[in-house]
Structure formats: C-alpha cells, structure tokens
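If you use the UniProt record's numbering, the sequence shown closes out at 254, no skipped numbers anywhere.
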Amino acid sequence: MEPSRQRNDPPHPGLSFTEVSFGYRRGSTLYEGLSLDLPVGRTVLLGPNGAGKSTLLELASGGLAPRSGRIALEGGQSSQSALRRHVALMPQRVRPLAGLTVVEQVTYSGWLAGRSVEEAADAARSSLARVGLSALAQRRPTKISGGELRRVGLAQVLASGHHHILLDEPTAGLDPEQQHAYRAILSGLPEDLCLLVSTHDINDVAEIYDHIIVLARGSVQFTGSVQDFLTLGDPGSHHPAESAYLNLVNRSRQ
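In structure tokens:
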C-alpha cells in the first residue's frame with residue numbers, strides 16, 4: 001500500500017499566480033499584483049462576498065485572462081488554452097443537460113475533456129461510484145434533488161481526469177445533512193489531486209484541508225497550512241477557525 005502524504009509535508013506547487021492583475025471593466029481593478037502558489041493536496045479558499053473568489057477560479061481554469069502577470073501549471077505551461085486543457089472547474093450552478101441521463105451527462109463531460117467515448121464512459125461510472133450516485137446513473141438530472149445535482153457536478157470534473165480540480169461553493173444552499181455528506185466525499189478524494197474549494201463553510205476545515213487561502217479586498221490575506229491558520233484565532237476560542245478567519249478579514253478592512 002502506498003504511504004499517504006502527511007499533512008506536515010512541504011507543499012509542492014500545483015498552480016501558481018505571479019503578479020496577476022485583473023479587472024472586469026476598463027479603469028476598475030479587482031486584483032493588482034496578486035501572487036500565490038496552489039500546492040498539490042486539498043486547499044480551501046475563504047473570503048467574504050465580493051472578494052473575488054469565483055473570479056480567481058475562472059482565471060485559474062482559463063475562463064478569464066489576466067490583464068497582466070502569469071498563471072502557470074507546475075510544468076510551466078501558462079497559456080489560457082493550456083489551463084483550459086488541464087484544469088476542471090465545477091461552477092456554483094451545475095446545469096442539468098436536458099435529454100441525457102446522469103451517467104450520460106458525466107460521460108459527456110469526460111469526452112469534452114479529451115477522453116475517448118469508452119474512457120469517458122468508464123470514468124463516468126467510476127466517478128459516480130465515488131460520489132455515491134451509481135444508483136441514479138439512469139435517472140434524468142432534471143429529476144434529482146439539488147444536493148444530488150451538486151454531486152453530479154463533482155463527478156463531472158472528476159471524470160475529466162484532470163489533476164487540477166476547482167470547486168466553486170459546492171455546498172452552498174445544501175441542508176446540514178447534505179453538507180456533511182459532501183464534505184465526507186471531499187475528504188475521500190485522492191490526495192495527489194490539486195484541489196481548490198471556494199466556500200463560506202468554515203466547518204471542519206482542519207479535518208478536510210491541508211492548506212488555506214484567505215482572500216479579501218482583492219488580495220491574499222493568508223496562505224499557509226491549517227495549523228498556522230488556526231494560530232491566528234483568539235486564544236481560548238471555542239471556534240478557532242472562525243476566529244482566525246474573522247481576524248484576518250477585519251484586519252484587511254483597517
């Protein structure tokens with residue numbers, strides 16, 4: 001059995017932003033000179049509404065192009081087309097594809113990612129099993145619950161076979177039981193993925209993630225290990241992760 005990567009192992013860069021600047025309109029700037037390394041492993045991206053979390057994921061997946069700076073994979077590839085080929089993004093809203101079954105929708109995603117039809121079909125079945133939806137493979141995605149559709153979205157990005165997986169607010173709108181089930185799935189994903197999850201859900205960050213990034217006011221307020229993040233909370237706090245996050249966000253507003 002292959003030994004698992006320990007949480008205190010030094011992180012290896014999986015995706016890097018170097019002096020990246022971006023704005024949606026001329027004269028407006030969301031990021032100015034943003035730099036960060038996204039290591040292999042499970043990373044959570046925290047930040048208030050409007051901090052630019054979704055935009056960062058769009059940039060990392062090649063959906064948007066920076067005004068300046070460089071976004072590069074670990075092998076040095078930095079073109080927008082390279083990011084699109086190697087990074088899979090699950091958006092906040094997973095769209096059910098009319099006329100397809102669940103397994104066909106997931107297979108289609110694998111095929112769009114460059115796999116053969118046979119490889120995509122195998123990957124779809126494997127991915128649906130991983131997210132606990134094998135029993136719904138022949139159902140229409142328009143006929144399943146919102147929580148189940150979120151898991152279909154996760155199966156779609158896993159079926160791509162890409163090493164870099166980005167999830168945008170995957171537990172938003174889910175009830176507590178669905179959130180718990182989704183977090184359990186994330187905890188069971190292979191540790192050699194470069195996984196980045198944008199979320200407002202601070203629960204269980206220490207149990208799920210290896211690395212934390214806090215984004216506020218268009219800049220990185222913290223990037224580092226979970227252990228280092230927790231030391232930023234108030235001494236004696238019963239909710240150290242929440243305390244650390246609030247301290248960082250409040251500091252950014254000063």
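Beta carbons are placed, not taken as given, at the ideal position from N, Cα and C, and that holds for glycine.
As the structure is a prediction and not an experimental result, all values here were calculated from the model.
In DSSP terms, what residue i is bridged to
i	result
residue 196	43 and 166
residue 152	Answer is none; residue 152 lacks a bridge partner.
residue 220	215
residue 31	22
residue 73	15
residue 210	Note: residue 210 sits in no beta bridge, so no partner.
residue 225	211
residue 37	16
residue 68	21
residue 87	164
Residue closest to residue i, alpha-carbon to alpha-carbon, out of the options
i	options	result
residue 96	233, 244 and 142	142
residue 160	170, 126 and 144	126
residue 251	222, 228, 238 and 227	222
residue 51	82, 200, 228 and 224	200
residue 130	111, 181, 218 and 32	181
residue 190	165, 226 and 174	165
residue 253	122, 217 and 231	217
residue 140	117, 99 and 178	99
residue 227	206, 178, 239 and 135	206
residue 36	74, 246, 136 and 49	74
Beta-carbon spacing of residue i, residue j below 8 Å
i	j	result
residue 90	residue 215	no
residue 103	residue 64	no
residue 233	residue 244	yes
residue 34	residue 219	yes
residue 212	residue 20	no
residue 256	residue 138	A question about residue 256 goes unanswered here, because the residues of the chain that appear run from 1 up to 254.
residue 157	residue 105	no
residue 173	residue 146	yes
residue 225	residue 208	no
residue 110	residue 124	yes
residue 18	residue 70	yes
residue 204	residue 183	yes
residue 83	residue 62	yes
residue 169	residue 92	yes
residue 25	residue 94	no
Contact belief for residue i with residue j at Cβ below 8 Å, rounded distance in angstroms
i	j	result
residue 155	residue 202	Not confirmed; about 25 Å, so no contact.
residue 60	residue 15	6 Å
residue 88	residue 162	4 Å
residue 23	residue 67	7 Å
Short CB-CB distance (under 8 Å) between residue i and chain B
i	result
residue 150	Included in the structure is just one protein chain, with no chain B present.
The ligand MG heavy atom lying under 7 Å from the CB of residue i
i	result
residue 224	By its list of ligands, the structure shown contains no ligand whatsoever, and the ligand MG lies outside what it can speak to.
Query raised in the report: Just checking, does the region 179-196 make contact with the region 34-47 on the three C-beta pairs under 8 Å criterion?
Result: yes
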